[in-house]
Amino acid sequence: MAFTGPGILVFMTEPLRMSTLFLRTMRNDPADEDVDSAKLLVRAGFIKKEAPGIFTWLPLGLRVLNKIEAIVREEMNAAGSQEVHLPALLPKDPYEATHRWEEYGDDMFKLKDRHGAPYLLAPTHEEMFTLLAKSYFNSYKDLPVVLYQIQTKYRDEARPRAGLIRGREFIMEDSYSFTMDQTGLKQEYQRQRDAFERVYQRVGVKYVIVKSFSGPMGGSASEEFQSPLPIGEDTFALSPAGKAWNVEVLTTPRPQAIDASATPAAAKVNVGSARTIDQMLTYANKSLPRSDGRQWAASDILKNVALTILHPADQDHDNKPWREVIVVGIPGDREIDLKRVAAAFPPCDVEEASEEDLKKHPELVVGYIGPKACGPNARTGEKEHDSHVVRYFLDAHIAQGSQWYTGADEKGMDYVHLVAGRDFQSDGTLEALQVREGDMSPDGSGPLSFQRGVEIGQVFQLGLKYTKALNFTVLDQNGKPSTPWMGSYGIGVSRTLACIAEFHHDEKGLCWPMSVAPAQVHVMTMGKNAQAAQEAEKLVHQLSDAGIEVLFDDRTKVSAGVKFKDAELIGVPLEIVVGRDFVSNGTVEIRQREAGTSQSVAADQALTTVQSLITSMMPRVEDRLKR
RNA sequence: CGGGUCGUAGCGCAGCUUGGUAGCGCGCCUCGUUCGGGUCGAGGAGGCCGCGAGUUCAAAUCUCGCCGACCCGACCA
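In structure tokens:
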């Protein structure tokens, strides 16, 4: 392996000759791809689709993939992580212990061996890494340890799409840290997080670090690396100060309490058949003039929504999953976000209460549900009675002291001037609303905006979930068993490649960053002049001998136009044209693919020019991340 | 899993309405031509028209069923 300078890994100094390269470029976009990265990667002969979300890597694509992997390896090794390689085909048992066999559900490829024993194709490897560490390490002296692998992962996506961005077979780098305590975990988390940033900067992909929800992975703190692209499937929120959150973890600044001393006493009004927000407004604007003179708005209404929490099996419920109805009060002009609500009740899912659920709670009168029928407002202190009262939560936007027009739990009856904190209490505050543009940022820097992104990595402080479930303990200084703290960290390698292509392309084709390009230089011969062909051959060898990777278009029966078009499609960052200028005055043309610039240099100056261009075109890491 | 669009040569597509022995462009092979922006010309190879049933003298074309791909949604890191 040769090096041309810091950070450039060279795999093959033999030039890649297009006359023999296993490559066929396509003039048309494939009919079954929609995003630019997939269209171009297929057209340029980097990948070939075999089935939805499943791709073959062709020589050029594989070279880019290998480049990205090499950068990941460098950064992981530098962060003190050690590479291993686990099987992708795994027995069911370890995933039973952590309940993920069920939790992952249909998204996991499950299969049976010839004896009928259940196996799976691993979607991620927390269990296996925990068991691996457990089987060798058992002393505090062994920790901390961080292991990683770069491996093919499998997820049986309901709907693969966007080429490599949402595949069913994809390549991921996943690392796992085991430390004695939370302090150690936080240190390793930070090291991994820094390493991720360096990787993304070196491969030339944009990213935003987004505070996120750890979801089915379990654990506490988690951040996502989102590549901001309009084709992304995720939406994250950005504050004016530049901080970012996944909508599931967005918190609402506590609203200021309102002085309710002048608010009239709550009054029950007969609203007849007005059940929906619109009907309530129509009624109120006709029959209940406001003292402040303005019209009633949906935001004056406290909408009480009955939801059902889907609890997993537990001992108090005969080891069966069970359904708990709750009521959540939200402003009438807003909608519930079930995922955000569910985030408050891990590991449960939340759905709208079904008719069946509501039948069990006749006190909740559909269309007239109010706070008085539930939560602390309905409890009497009598155990038998209270066990039937549903929990009542208020959305975080509801201020103490605010007054509401809301249901009174009888057909046809509503309250006005019902004051939060004065007339009713709740069992707690929830982040229940669908977040929208203009909502206030948690960091107090102003209104939120939203952006779409592709998740190219995520880091988790898992804590003790897996180590506990799999009984991994080590002996501490006092000889006592102690459960290690765990973190897991993943980079979507193939997905990152697709994102790089999304950022670095134009209407003509791909434009690879120097660090990951399939070659650094694309040399083309033009015309039939034997001298020029000879010179091209000489230059290619010069470059190769200097450790530069060359894609050499040495095809003799291909016209200039075709060579230019192919070069643009493939997207090697530097192109050298050896042809008529060389014949007339001994110069070659050096073009920069992405910038579209070109310069003419004497043939014997080409090597030094290319060397300095390569150095100057390498993506750099920010100073704060320098090692 | 629900809704929609579509399956014809390696790739992109026409033909189907109104049944009659399958076409175009790119790519591929041969010969010539051209040689700095997908040259031009001539000749050629390549198809279980997604699969299965049915209607018919006759089905790529009509009917039914199945399978598959893609898009939207549900789902999902």
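Using the numbering used here, you'd call the opening residue of the first sequence number 18 and step up by one each time. All C-beta atoms in this analysis are idealised placements derived from N, C-alpha and C, irrespective of residue type, glycine included. These numbers come from a predicted model, not from an experiment.
Bridge partners - residue i, DSSP secondary structure assignment
{"i": "Asp366", "result": "Leu327"}
{"i": "Trp529", "result": "According to DSSP, which records beta bridges pairwise, Trp529 is partnered with nothing at all."}
{"i": "Val288", "result": "Paired residues: none, contrary to the question."}
{"i": "Lys337", "result": "Asp331"}
{"i": "Asp570", "result": "Met541"}
{"i": "Phe154", "result": "DSSP, once it has assigned bridges, lists no residue as partnering Phe154."}
{"i": "Gln475", "result": "Glu241, Gly507"}
{"i": "Leu447", "result": "Asp412"}
{"i": "Ser499", "result": "Val491"}
{"i": "Gly346", "result": "Asn321, Leu411"}
Exposure label - residue i; buried when at least 16 CB within 10 Å
{"i": "Ile650", "result": "What the structure shows of the chain is the stretch from 18 to 644, and residue 650 is not part of that stretch, so it cannot be assessed."}
{"i": "Phe195", "result": "buried"}
{"i": "Ser576", "result": "exposed"}
{"i": "Ala261", "result": "buried"}
{"i": "Ser316", "result": "exposed"}
{"i": "Ala284", "result": "exposed"}
{"i": "Ala518", "result": "buried"}
{"i": "Glu585", "result": "buried"}
{"i": "Thr513", "result": "buried"}
{"i": "Ser156", "result": "exposed"}
{"i": "Val101", "result": "exposed"}
{"i": "His522", "result": "buried"}
{"i": "His402", "result": "exposed"}
{"i": "Asp354", "result": "buried"}
{"i": "Thr37", "result": "exposed"}
{"i": "Gly603", "result": "exposed"}
{"i": "Met43", "result": "exposed"}
{"i": "Lys84", "result": "buried"}
{"i": "Phe187", "result": "buried"}
{"i": "Ser290", "result": "exposed"}
{"i": "Ser629", "result": "exposed"}
Alpha-carbon to alpha-carbon, residue j and residue i
{"i": "Pro364", "j": "Glu120", "result": "10 Å"}
{"i": "Glu50", "j": "Arg439", "result": "58 Å"}
{"i": "Thr141", "j": "Gly310", "result": "60 Å"}
{"i": "Val162", "j": "Ser98", "result": "7 Å"}
{"i": "Lys643", "j": "Arg219", "result": "12 Å"}
{"i": "Thr200", "j": "Leu527", "result": "44 Å"}
{"i": "Gly588", "j": "Phe477", "result": "35 Å"}
{"i": "Ala595", "j": "Val81", "result": "Per the sequence shown, residue 595 should be read as Val rather than Ala. Rounded to the nearest angstrom, the two C-alpha atoms are 26 Å apart."}
{"i": "Asp129", "j": "Ala68", "result": "Before going further, note that residue 129 is Lys rather than Asp in the sequence given. The straight-line gap from Cα to Cα measures roughly 22 Å."}
{"i": "Gln296", "j": "Gly384", "result": "11 Å"}
{"i": "Leu138", "j": "Phe489", "result": "24 Å"}
{"i": "Gln548", "j": "Leu103", "result": "53 Å"}
{"i": "Val471", "j": "Gly184", "result": "13 Å"}
{"i": "Phe569", "j": "Val540", "result": "5 Å"}
{"i": "Phe441", "j": "Leu375", "result": "22 Å"}
{"i": "Pro459", "j": "Val225", "result": "17 Å"}
{"i": "Arg34", "j": "Asp583", "result": "13 Å"}
Beta-carbon proximity list for residue i, same chain, < 6 Å, skipping 5 on both sides
{"i": "Pro233", "result": "Residue placement at Pro233 is flagged as unreliable, the pLDDT there being 48, under the threshold of 50; the coordinate-derived value follows with that caveat. Contacts found: Glu120."}
{"i": "Gly509", "result": "Met189, Ile473"}
{"i": "Val13", "result": "Missing from the structure shown is residue 13; the chain here goes from 18 to 644 and no further."}
{"i": "Pro257", "result": "Ser462, Gly463"}
{"i": "Glu265", "result": "Phe230, Lys356, Arg357, Ala360"}
{"i": "Ile167", "result": "Glu86, Glu190"}
{"i": "Ser419", "result": "Ile275, Ala437"}
{"i": "Arg292", "result": "Gly384"}
{"i": "Thr651", "result": "This structure does not reach residue 651, given that the chain is present from 18 up to 644, and the question cannot be answered."}
Anticipated Cβ contact below 8 Å, residue i with residue j, distance rounded
{"i": "Glu352", "j": "Leu327", "result": "About 20 Å; that fails the 8 Å criterion."}
{"i": "Tyr193", "j": "Met503", "result": "7 Å"}
{"i": "Pro501", "j": "Met197", "result": "6 Å"}
{"i": "Ile294", "j": "Ile275", "result": "No, Ile294 and Ile275 are not in contact; Cβ-Cβ is about 22 Å, not under 8 Å."}
{"i": "Asp456", "j": "Leu465", "result": "5 Å"}
{"i": "Arg597", "j": "Gly544", "result": "6 Å"}
Neighbourhood of residue i by C-beta, 7 Å cutoff - its chain only, sequence neighbours within 5 removed
{"i": "Glu92", "result": "Ala212, Arg215, Val216"}
{"i": "Asp159", "result": "Val491"}
{"i": "Gly461", "result": "Pro270"}
{"i": "Leu560", "result": "Val538, Val567, Leu624, Val627"}
{"i": "Leu298", "result": "Trp313, Ala315"}
{"i": "Ala553", "result": "Val540, Thr542, Val595"}
{"i": "Asn263", "result": "Val227, Lys228, Ser229, Phe230, Glu241, Phe253"}
{"i": "Asp444", "result": "Gly392, Pro393, Arg408, Tyr409, Phe410"}
8 Å CB neighbourhood of residue i in its chain, flanking five on each side removed
{"i": "Ala150", "result": "Val162, Leu164, Tyr193, Phe195, Phe489, Pro501"}
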